[in-house]
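Undergrad: Before I ask anything, let me first share the structure, which is written out below as structure tokens.
Protein chains in written order, with the numbering used here: chain A, 206 to 501; chain B, 5 to 164; chain C, 49 to 812.
This is the structure we're talking about:
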């Protein structure tokens, strides 16, 4: 590990289009610099030696947190984890996303690191990808040939690998609205201390048809596979069925088997089972009490 | 290729020639001689290099200096006014919250940012605010006490 | 309670606190000198390798590279022992000096093989990465048992079967085997430790230069400054008088700076380039290039008891991992074996230790120096014995407590102990009986537990270690005092304590005492700060020097007042007469008139004392932990922790609390969170920064209460004893005992990770 960075050419485009143009010009010789919290570590460790750094941090048009009329959310890639965690809009509409962003790093890192940077780094043990996966977020990508919108699920193809082309930028992160009879949460355990990398994380969204029936269940797992994954078999175990302790346990068990952890595998699977079980149980309880509250 | 730009540090404007690959901590310590900001882990985990940029605590060892131009940068040297210690500095001194002193600049700045946002924080909020600042000497007990005391305007009565 | 002192016992603010709060305090890495070069080190990527050849041509081509030191360019420099513990520091203890400034044979991952001095850090880093090294990898071993086996690769010609030292318990007594055979109850256990790294927030750093007079000047973080000077003299064959060692503020030590750290390489490059050189280690270098805590592959302890709980036998065998060089690691076994029994009477005692070289980074002293791991074992066994005998754990400790006048752990008379007070206060403040008797719910996966442990540590290490301290006290014409001493300013508030001791004796205020320190040209010989000795030993020298200066002052004042000197006393910056209260003089006036005096009577009051404490005044502690164990996840949290300490008079209660509160953080790290991992297949250290090696931060810490018994020791200055280390010695066993109380299982390996605990909970 080196304390200082090696020299590179620095570019500060004035617009998103200029940024894309620079990325096209320098291709794999360039990296995108947003908050820099992941990038600088890789550069200090000499894992990467970019000749060109394209800094987008001052592009105001990429820094926003907006609600959509239908109850969803749009965030610019430069929205910091702190801004998202502290946003009343996010806390109201997607509290699990605020929770996950508040878990990232430390207070200082949250002030610097961006959601776009986090998603593009595609590290296996991050907090926002499993939550965004459960929320079925979409990414709008801008390249030299135009835009494309891709689901977040599938954006990441392996550890530190995404489908992003070298000349493409993530310019928007869209979170679709959730129906009223739904609740979501993010649960995790760390490797050891309170402020620490996530060892196992589960972002869960439960949508109920009525107090006892599961309409839809989405389980995003983080830190237990080469990338964040949806535990689809586990979701199937409960989808459309009556919610009871036995079924919740089965879904949790199934989720833990869908995990493919590389290290501390036994314990990670065990924790996924615990986290998913606790998440669904808690969400069900919340929805039920909300429904009962409405009845009165 | 160095660029010359305006940096505002502790309220003072500077015209500095900075390479894009220089970290903010390098510029502060070596070009401006402000050695109060400390280097410790280099990977963003310990908070020793914390400075405030536009009032927010960030890690100067993980910040490219050029990205901090035209912003308000506050280092530990910028807290005391006219030789008078800032209430947090006073509290840290009086409550014994400083042992080796190496984490102190970063710790005080994280606390300062908290108090600007939450002038009357709970103990839990204080712990969370300094959760990115490692101290190996104090066990954080007197640090938390000092921050709460500074928030409440309590000067410790120096008993004899 | 301690007597009613005027300055001793008060919670004064430290003289250096404001400088640290404002960022003005200068640490080694903050020093800047004209023409200064920056150094970087090339370290072996292999755990055991020979450097066959080294090509520095590419590195030399970079503009700004001033000098590259390779193992072929060491000239006639000597090899050394970084731990500096060779006789005369530990009587009869020899350590072969085997480390080179840089090494041709790397004995561990991270061993330095070359170093570069360049105009700036970036250039130095680049140059290091361009040095081409042809390594011949050698077979290696990472644990002690493996290392002692026939056919294991030899690491040192001075260590047969890689056993650097076979040490035995230095104060054996009785017949341990017979006592164990005859005991009503024998409890035994084998305990294994990991390794802990000091994680000082400031990494190792040094600035060295050769001044215009040709003297080597070194800004060194070393806790033992005069010894570092001697060692550098030995390495570079420079007479001691041509070396000046200066101590800046040091960002934490916990024992790590008791060895040479960045000094040899910085000094070497300064000598070769004739320019100032600054070397600052990266965090990763701290983890692999410095001594970390000596770990033990196995500590087996057997204790024998009568059925009434009387301890009759103590036997231990220890197997320690040293790392590639001997350093001061071996003594961790002796310190552990002796001090862990410092609070218990036991007529039959024996023990031995094999301290084994391994191809891992060096081991040395870290706060507790072996006592923490031994106590982890001892206090769990005491707990087990209590349970089997149907006794309260507190009662079994009381039953066996040493009393003042007994022989202390290190063989001298035990001067004072308030061990029983520690237990009594702890029981009350923690609510021990109520907590332990509260019926616990069988339901739910979170189990609460309450456990306790005790410990005794040392105040200085007489008679094992050199204990020589000196102090010089000088009165200024305004009645203030300059106190010249050289303890290590590593954050433990020693300057404040010494100024309080001095001020108390001289009837002035702590702020009237100015500490002159940090320069071996100016300070008299000082062994240094370690073994929790500074307040006791340097304070003892200070007190005696102050008395000497005081006598001169009183003699003069007696003449000025026309009363006998015995009639006078000092208080409130004034010389008072006992018999004539209206006869008084300010201290300042007496000093001034003495200095500005004619007729052959001028004098400047001063005192100088060499002091060697030849007593044992150990400290004692009782530790009470409340834990919550999640039986489903194996996670342990510690909501509350109570520490009660007997460290004699608390010179500054705020500083004493600081030591115990800080020790709690390191103790929780040792017990639960800090795991120094070496890959057994590659010999590479995997945890080299805070992202993988986790120290507790503010949200991890319990609600902490500290109580100070505060009763004086007959030998310490104003009754003070040491308190630097106890803060962490009793933490891990208290937590382990609390876990047992919560869930009925014991974990005998540190750290107690969730997987280890679950493994103990779920037998299959």
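Idealized CB from N, CA, C, for every residue including glycine.
Quick check on the burial criterion: 16 or more other C-beta atoms within 10 angstroms. Buried or exposed for residue 50(C)?
TA: Stepping through the third chain from its first residue, residue 50(C) is reached at position 2. At residue 50(C) the pLDDT is 47, less than 50, meaning the model places this residue with poor confidence; the figure from the coordinates comes in the next sentence. Flag for residue 50(C) reads buried.
Undergrad: Please report how far the alpha carbon of residue 91(B) lies from the alpha carbon of residue 726(C), in whole angstroms.
TA: Residue 91(B) sits at position 87 when you count from the first residue of the second chain. Residue 726(C) sits at position 678 when you count from the first residue of the third chain. Rounded to the nearest angstrom, the two C-alpha atoms are 45 Å apart.
Undergrad: Find the nearest neighbour of residue 222(A) within the set 302(A), 270(A), 373(A), judged by alpha-carbon distance.
TA: Taking the first residue of the first chain as 1, we reach residue 222(A) at position 17. Residue 373(A) is the option with its Cα nearest to residue 222(A).
Undergrad: Give the single residue among 458(C), 537(C), 388(C), 229(C) whose Cα lies nearest to the Cα of residue 296(C).
TA: Counting from one through the third chain, the residue named residue 296(C) turns up at place 248. Looking at the Cα atoms, 537(C) is the closest of the given residues.
Undergrad: Residues of the region 236-255 of chain A in Cβ contact with chain B at a cutoff of 7 Å, in chain order, please.
TA: Listed in sequence order: 241, 242, 245, 246, 249.
Undergrad: Looking only at DSSP bridge pairs, what is residue 361(A) linked to?
TA: Here residue 361(A) refers to the residue found at position 156 of the first chain. The partner list for residue 361(A) (beta bridge, DSSP) reads 367(A).
Undergrad: How far does the beta strand (DSSP E) with residue 253(C) in it reach, from first residue to last?
TA: Taking the first residue of the third chain as position 1, residue 253(C) is located at position 205. Taken as a continuous stretch (DSSP letters only), the beta strand (DSSP E) holding residue 253(C) covers 253-258.
Undergrad: Does the contact criterion of 3 or more C-beta pairs under 8 Å hold for the region 349-358 of chain A versus the region 262-279 of chain A?
TA: The region 349-358 of chain A vs the region 262-279 of chain A: no contact.
Undergrad: If you follow the alpha helix (DSSP H) that residue 747(C) is in, where does it begin and where does it stop?
TA: For the purposes of this step, residue 747(C) is taken as the residue at position 699 of the third chain. Here residue 747(C) belongs to no alpha helix (DSSP H), and DSSP marks it neither H nor E.
Undergrad: Less than 9 Å between CB atoms is the rule here; does residue 3(B) satisfy it with respect to chain C?
TA: There is simply no residue 3(B) to check, as chain B begins at 5 and stops at 164 in what is shown.
Undergrad: By the three-class DSSP mapping on this structure, what secondary structure does residue 164(B) have?
TA: Position 160 of the second chain, counted from the first residue, corresponds to residue 164(B). Any answer about residue 164(B) is weak, because its pLDDT of 30 lies below 50 and its placement is not dependable; what the coordinates show is given next. Coil at residue 164(B), not helix or strand.
Undergrad: Measure the alpha-carbon distance for residue 597(C) versus residue 138(C) and round it to whole angstroms.
TA: Here residue 597(C) corresponds to residue number 549 of the third chain, with the count starting at 1. Here residue 138(C) corresponds to residue number 90 of the third chain, with the count starting at 1. Roughly 32 Å separates the two Cα atoms.
Undergrad: Pick from 667(C), 706(C), 131(C): whose alpha carbon is nearest that of residue 769(C)?
TA: By 1-based counting over the third chain, the position of residue 769(C) is 721. Selected option, being the one with the closest Cα: 667(C).
Undergrad: Is there a C-beta anywhere in chain C that falls below 9 Å from the one on residue 162(B)?
TA: Your numbering for residue 162(B) matches position 158 in the second chain. With a pLDDT of only 45 at residue 162(B), under 50, the local geometry of the prediction cannot be trusted, and the value read off the model is given with reservation. Answer yes: the Cβ-Cβ gap between residue 162(B) and chain C drops below 9 Å somewhere.
Undergrad: Taking 8 Å as the cut-off, does the region 300-315 of chain A touch the region 44-52 of chain B (at least 3 CB pairs, one atom from each stretch)?
TA: Yes, the region 44-52 of chain B is in contact with the region 300-315 of chain A.
Undergrad: Please report how far the alpha carbon of residue 11(B) lies from the alpha carbon of residue 55(B), in whole angstroms.
TA: Start at 1 with the first residue of the second chain, and residue 11(B) comes out as number 7. Start at 1 with the first residue of the second chain, and residue 55(B) comes out as number 51. Taking the straight line joining both Cα atoms gives about 14 Å.
Undergrad: In terms of residue numbering, what span does the alpha helix (DSSP H) encompassing residue 491(A) cover?
TA: Position 286 of the first chain, counting from 1, holds the residue named residue 491(A). Element bounds for residue 491(A): 470-500.
Undergrad: Using a Cβ-Cβ cutoff of less than 7 Å, which residues in the same chain neighbour residue 332(C) once the five nearest sequence positions on both sides are dropped?
TA: Residue 332(C) sits at position 284 when you count from the first residue of the third chain. Within the same chain, residue 332(C) has close Cβ partners 736, 737.
Undergrad: Let me confirm a value: residue 254(C) is counted as buried when at least 16 other C-beta atoms fall within 10 Å, else exposed. Which label applies?
TA: Position 206 of the third chain, counted from the first residue, corresponds to residue 254(C). So residue 254(C) ends up on the buried side.
Undergrad: Say whether chain B places a C-beta atom closer than 9 Å to the C-beta of residue 538(C).
TA: Here the question's residue 538(C) lines up with position 490 in the third chain. Judged by the 9 Å Cβ criterion, residue 538(C) is in contact with chain B.
Undergrad: Report the partner residues of residue 145(B) according to the DSSP bridge assignment.
TA: Walking along the second chain from the start, residue 145(B) turns up at place 141. Partner(s): none; residue 145(B) has no beta bridge.
Undergrad: Could you check how far apart the C-beta atoms of residue 781(C) and residue 428(C) are, in whole angstroms? I think they sit under 8 Å.
TA: Against the third chain, residue 781(C) aligns to sequence position 733. Against the third chain, residue 428(C) aligns to sequence position 380. With a Cβ gap of about 6 Å, residue 781(C) and residue 428(C) count as contacting.
Undergrad: Of the residues that make up the region 309-333 of chain C, which ones have a beta carbon closer than 7 Å to any beta carbon in chain A?
TA: Against chain A - using a Cβ distance shorter than 7 Å - the residues of the region 309-333 of chain C are 330, 332.
Undergrad: Report the start-end ranges of each alpha helix (DSSP H) in the region 257-311 of chain A that is 4 residues or longer and not cut off at the edges.
TA: Listed in chain order, the complete alpha helix (DSSP H) runs (minimum 4 residues) inside the region 257-311 of chain A are 286-291, 293-298, 300-308.
Undergrad: Within a Cβ cutoff of 7 Å, which residues of the same chain sit near residue 143(C), ignoring the five residues on either side of it in sequence?
TA: Counting from 1 along the third chain, the entry for residue 143(C) is found at position 95. Once the five neighbours on either side are set aside, the close Cβ partners of residue 143(C) are 129, 131, 133, 134, 374.
Undergrad: Quick test of your reading: residue 397(C) and residue 117(C), contact by CB under 8 Å. State the CB separation rounded to the nearest angstrom.
TA: Within the third chain, residue 397(C) is the residue found at index 349, counting from 1. Within the third chain, residue 117(C) is the residue found at index 69, counting from 1. Residue 397(C) to residue 117(C), Cβ: 49 Å. No contact.
Undergrad: Along chain A, which residues have their Cβ under 7 Å away from the Cβ of residue 170(C)?
TA: Taking the third chain and counting its residues from 1, the one referred to as residue 170(C) is at position 122. The contacting residues are 209.
Undergrad: Between residue 824(C) and residue 164(C), how many whole angstroms is the CB-CB distance? I'm expecting something under 8 Å.
TA: With chain C running from 49 to 812 in the structure shown, residue 824(C) is simply not present.
Undergrad: Of the residues 251(A), 484(A), 297(A), which one's Cα is nearest the Cα of residue 383(A)?
TA: The residue given as residue 383(A) occupies position 178 in the first chain. Nearest option by C-alpha distance: 297(A).
Undergrad: Which class does residue 458(C) belong to by DSSP, given the choice of helix, strand or coil?
TA: As a working mapping, residue 458(C) is identified with position 410 in the third chain. Coil, per DSSP.
Undergrad: Report the neighbours of residue 298(C) on chain B: residues whose CB is nearer than 8 Å to its CB, in chain order.
TA: Working through the third chain from its first residue, we reach residue 298(C) at position 250. Correct list: 104.
Undergrad: Between the C-alpha atoms of residue 513(C) and residue 254(A), what's the straight-line distance to the nearest angstrom?
TA: Counted from its first residue, the third chain places residue 513(C) at position 465. Counted from its first residue, the first chain places residue 254(A) at position 49. One C-alpha to the other measures close to 51 Å.
Undergrad: Which ranges does the alpha helix (DSSP H) cover as unbroken runs of at least 4 residues, wholly within the region 259-296 of chain C, from first to last along the chain?
TA: Within the region 259-296 of chain C, the complete alpha helix (DSSP H) runs of at least 4 residues are 273-284.
Undergrad: Please decide whether residue 332(A) counts as near chain C, where near means a Cβ-Cβ distance under 9 Å.
TA: Locating residue 332(A) in the first chain gives position 127, where the first residue counts as 1. Not an interface residue.
Undergrad: According to DSSP, is residue 207(A) helix, strand or coil?
TA: Numbered from its first residue, the first chain carries residue 207(A) at position 2. Here residue 207(A) sits in coil by DSSP.
Undergrad: In whole angstroms, what is the alpha-carbon distance linking residue 245(C) and residue 419(C)?
TA: Position 197 of the third chain holds residue 245(C). Position 371 of the third chain holds residue 419(C). If I take the Cα positions, the gap works out to 16 Å.
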